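Only one structure is covered here, and it is reproduced in the block below.
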Amino acid sequence: MTRLRRSDRPAAPGWRPPAWSGATARSLAIAALGISLLGTARAQEPAPAAAPPATSAGAGEWRHGLSLMGQPKYPADFKHFDYVNPDAPKTGLVRQSVDGTFDSLNDIIPRGAAAAGLHLIYDTLMTPAADEVATEYGLIAESVRYPADFSSVTYRLRPEAKWHDGQPITADDVVWSFEQLTKNNPRQAYYYSHVKGAAVTGEREVTFTFDQAGNRELPQIVGQLRVMPKHWWTANGPDGKPRDISQGTLEVPLGSGPYKVKQVQPGRSISFERVPDYWGANLPVNIGSDNFAEQRYEYFRDSTVELEAFKGDQYDFRIETSAKDWATAYNFPAVKDGKVILEEFPNRSSGSMQAFIPNLRREKFQDQRVRRALNLALDFDGMNRTLFFGQYKRTSSYFQNTELASSGLPQGLELEILESVKDKIPASVFTTPYTNPEGWSEGLRRGNLREAANLLKQAGYEVKGGKLVNAKGEPFTMEILISNPAFERVALFYKPSLERLGITVNVRQVDISQYINRLRARDYDMIITGWAQSLSPGNEQRDFWGSSAADREGSGNYAGIKDAGIDALIEKVIYATSREELVAATRALDRVLLAHDYVVPSWNYPNTRTARWNRFSHPDKMPEYGGDSFPNIWWWDAEKAAKTGAAR
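Each residue of the sequence shown is one higher than the last, beginning at 70 in our numbering.
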């Protein structure tokens, strides 16, 4: 399951070497394609509660919150989340940075580049807690119910919920929002593909029906729905022409959330001011959050300029995704004087696979021996030592740094699950744990290249005149497509090893718009990106690895995976009925994905590395699954700001 919290930062197309190892929205390429993968985490939980008794014609009891497996931590009458400061001052300005540019204030559609921060102006039906796993509480919705077989869900809206123009948020708005989102965003249409319909079923009630029963995740997925104002979008704009939600626009949209757009400089900056009469300000889920009077996003097209702008106090908070910069770029006077604070926050909420991803839609990558040869050619140890100051570890799981990662040989329930699809998966998963090649010595590196050359020969290639060619005499060429300049040195480090095998390699850097378009069109040989995983994986796995997503434009199946065994294991994950079963099914899925050598795993880091100008404070005890949680539960600290100086 994947969710977007109001605290999520904007995404920059192109995955960077993660200081985060899981899910910072800033570094997620796929977020630029119209879906957030920043999920709440799942850890060990109480045993799943029994399905509620059917009441009201099988509709189930009304609930103030939903937990995927277990009961919500907070009771119906809770005052605020434990991890917030309910007395935080509501003042001050916070400035954040964004890579790239923007040309639209409509982020519903996948076309164009939408401005950062638009999540601040909209509310959703439910909202997650950062100290729980796969749990949501009512925001626009005051309560929710579903039948024992999870075949539908009904949300009852709060009577006080309203738009910034004072009009109430209605059940009709919810239905219209769902219809427009799934109509105009192919990826969201896929994400909500099991929702058969949405209908107004009461004055403040809307019911979503599903095309299947037993999918425990669907009620919560619907709870993530962003609600938009039908009356505003279906009216005429200032130019007298009808508004069109299917098109980009720079007209400031009407919202319902804690902020509204204050000022827009297209492509350069956008700022949001807190709504003084925000209808949901005193809801328990909002107490202690959204503490800044103004939030501003400054845009930078070059990462080097962006870093220098931070040093020059042009924005306040930075997630450092470059090991080189973390090691060398923060020795400027403001750090020594305590005006800039460096702090790492543990990432417990997610895992990830970052990798060099070959496009299996291209015939040359369809042979697993070729893909394994590409892995053998990567000198990770040399790369880590030379480029990353030894800060990273090699990734060996699609759910790295979580309990969901497979290891050793399968046992117990995981083994039972694998046995149930034995005829569809590689036999090696039962006998051979996955390992990446080791290359900490010159002898090992040479051995890896010899093994890679042998695999390529077995796959029908040979070297002629220093070039690797197939049986037809066609040379093996490969373009590594990047958009982020920080990845150029990574790709160039990889290139010589590939060339020693006879592969002709071209590293091509394009601008963000072209990169996104080529990603959507699957026009690439290899990219460097990844997948963020929550600790409650579910329906989004179909989008990442499912056969039905392989040829669908804009899906997260970058590699083009089509495999019956993986499809079957995805369903095992989605329909797990206990935490134990979910963990086992996910480990089985991870093991089989690894066994196919679909990607060349790169590196990971368990913490989020941050730098900030010392004008802010956060709760002493941060939420277990919230990471840095900036700026959502932070606040302006006047005493610190007085010592640091006014923002420039």
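Heads up, the beta-carbon is just placed ideally off N, CA and C, and yes, glycines get one too. Remember, it's a predicted structure, so these values are computed and weren't measured experimentally.
Rounded C-alpha distance that separates residue 594 from residue 444:
15 Å
Taking the runs of the alpha helix (DSSP H) that are 4 residues or longer, which of them lie wholly in the segment 534-578?
557-569
Give the DSSP-derived three-state secondary structure of residue 586 in the structure shown.
helix
How many Å lie between residue 709 and residue 683 at the Cα?
6 Å
Assuming residue 587 and residue 623 are in contact, meaning their beta carbons sit under 8 Å apart, how far apart are those beta carbons, in whole angstroms?
In fact, because the Cβ distance is near 12 Å, the residues do not count as touching under 8 Å.
Taking only the alpha-carbon atoms, compute the straight-line gap between residue 513 and residue 503 and give it to the nearest angstrom.
18 Å
Does residue 450 come out as helix, strand or coil in the three-state DSSP assignment?
helix
Does the Cβ-Cβ distance between residue 193 and residue 296 come in under 8 Å?
yes
Cβ distance (whole Å) where residue 133 is taken to contact residue 212 below 8 Å:
6 Å
Where does residue 423 sit, in a helix, a strand or coil, going by DSSP?
strand
Note the first and the last residue of the continuous alpha helix (DSSP H) segment covering residue 652.
648-664
According to the Cβ coordinates, are residue 22 and residue 171 closer than 8 Å?
Outside the shown range of the chain (70 to 717) lies residue 22, about which nothing can therefore be said.
8 Å Cβ shell around residue 681 - same chain, five flanking residues per side excluded:
385, 386, 387, 409, 410, 412 and 699
Alpha carbon to alpha carbon, how far is residue 474 from residue 661?
12 Å
In or out: residue 403 buried (at least 16 other Cβ within 10 Å) or exposed?
buried
Compare the C-beta of residue 503 against all C-beta atoms of chain D and say whether one is closer than 8 Å.
Although the question refers to chain D, the structure presented lacks it and comprises just one protein chain.
So within the segment 161-185, which uninterrupted beta strand (DSSP E) runs reach at least 3 residues, ignoring any that extend past its ends?
162-168
Continuous alpha helix (DSSP H) stretch holding residue 639: start and end
633-643
Below 8 Å, how does it come out for the segment 482-489 and the segment 595-614: are there three or more Cβ pairs, yes or no?
no
From residue 116 to residue 650, what distance separates their C-alpha atoms?
At residue 116 the pLDDT is 29, less than 50, meaning the model places this residue with poor confidence; the figure from the coordinates comes in the next sentence. Distance between the alpha carbons of residue 116 and residue 650: 12 Å.
Start and end of the alpha helix (DSSP H) containing residue 388?
Residue 388 -> not in any alpha helix (DSSP H); beta strand (DSSP E) instead, spanning 386-388.
Where residue 93 sits in the DSSP three-state scheme:
Its pLDDT being 29, under 50, residue 93 is placed unreliably in this model, and the coordinates cannot settle the point.
Consult DSSP for residue 258 and reduce its assignment to one of helix, strand or coil.
helix
Could you check what DSSP says for residue 408 in three-state terms: helix, strand or coil?
coil
Using DSSP bridges, identify the partner residues of residue 438.
According to DSSP, residue 438 bridges with nothing at all.
Under a Cβ-count criterion, where at least 16 other Cβ atoms within 10 Å of its own Cβ denotes burial, should residue 519 be classed as buried or exposed?
exposed
If you pair each beta-carbon of the segment 182-196 with each one of the segment 593-607, do three or more pairs fall below 8 Å?
no
Give, in chain order, every unbroken run of the alpha helix (DSSP H) that is at least 4 residues long and sits entirely within the segment 474-508.
481-489
Per the DSSP calculation, residue 291 is bridged to which residue(s)?
None; residue 291 has no bridge partner.
Looking at the structure shown, is residue 159 part of a helix, part of a strand, or coil, going by DSSP?
coil
Determine the direct distance from the alpha carbon of residue 687 to that of residue 254, and round the result to whole angstroms.
36 Å
Pairs of beta-carbons, one from the segment 429-436 and one from the segment 493-507, closer than 8 Å: are there three or more?
no
Could you pull out every residue in the same chain whose Cβ sits closer than 6 Å to the Cβ of residue 229, ignoring the five residues on either side in sequence?
348
Look at the Cβ atom of residue 206, then the Cβ atom of residue 143, and state whether they are nearer than 8 Å.
yes
Beta-bridge partners of residue 231, as assigned by DSSP:
237
By how many angstroms is the C-alpha of residue 292 removed from the C-alpha of residue 119?
The pLDDT assigned to residue 119 is 30, lower than 50, so where the model puts this residue is not dependable, and the model offers no usable value.
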